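The block underneath contains the structure these notes are about, expressed in structure tokens.
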Amino acid sequence: MLRPPAHPVPCHSCGFELYHPVAESATTRLGLYDDARFPGRCILMLQAHYISLEQVPPAVMQAFGQDIQRAMWAIRVATGAARVNVAILGNRDPHVHAHLIPRWPNREAKPDCSPWDDPRPKAALPPEAIERLVRALGAVLRMS
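First residue of the sequence shown: 104, per our numbering; consecutive thereafter.
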């Protein structure tokens, strides 16, 4: 169950941390990613340090999947997105985490492409948008 975060804590092994903490569970932490092209974009990181998915024990993997689903639902409800893309890459940051990216096909120049191919320049969210999204996502997650 995702709940309000106690406080932001970077991984003790690699230093990976979230931009704007939203919620946490016993297994994961959810944070808002600062990307105005996709307002509501989040990162869901495992609390424990694993470098790659094949290292994650089955019970932790199951809980990670459940938290991904909850976070996707919260993003759709809070933002009105048509769908949420999920990406787990691992080539840049050595800590298992999922990118949860809301998509609005009617507002995007390339809705059939990955978010990384979006032609719009990446820009930060205004502080008031960050605050509003963190509150909205947290409120939706408290309903679950």
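In this text, a Cβ means the ideal position worked out from N, Cα and C, and glycines have one as well.
Every value quoted in this text rests on a predicted model; they were computed, and no experiment measured them.
Is the distance from the Cβ of D138 to the Cβ of R132 below 7 Å?
D138 is not a Cβ neighbour of R132, given a cutoff of 7 Å.
My parser needs the beta strand (DSSP E) runs of 3 or more residues fully inside the segment 115-148; what are they?
Counting only runs of 3 or more, we get 123-127, 131-135.
Taking G134 as the reference, give the member of S155, A151, K213, V112 with the closest Cα.
Considering only alpha carbons, the answer is V112.
For V187, write down the residues that DSSP places opposite it in a beta bridge.
Looking at the DSSP assignment, V187 forms a beta bridge with P205.
Quick one: any contact between the segment 206-221 and the segment 183-192, if contact means 3 or more CB pairs under 8 Å?
Yes: at least three Cβ pairs fall under 8 Å.
Per the DSSP calculation, R106 is bridged to which residue(s)?
Paired residue(s): E127.
Do the segment 145-162 and the segment 194-204 meet, that is, are 3 or more Cβ pairs less than 8 Å apart?
The segment 145-162 is in contact with the segment 194-204.
Using CA coordinates, which residue listed in S116, R238, P108 is at the minimum distance from A181?
It is R238 whose Cα lies nearest to the Cα of A181.
If we count the other Cβ atoms within 10 Å of its Cβ and call it buried at 16 or more, is C114 buried or exposed?
With at least 16 other beta carbons inside 10 angstroms of its own, C114 counts as buried.
Between M246, Q165, I171, which lies nearest to H202 when the distance is taken from Cα to Cα?
The candidate whose alpha carbon is nearest that of H202 is I171.
With a threshold of 7 Å on Cβ separation, who are the neighbours of I177 within its own chain once the five nearest residues in sequence on each side are excluded?
Residue identity check: residue 177 is Ala in the sequence provided, not Ile. These residues qualify, in order along the chain: L240, V243, L244.
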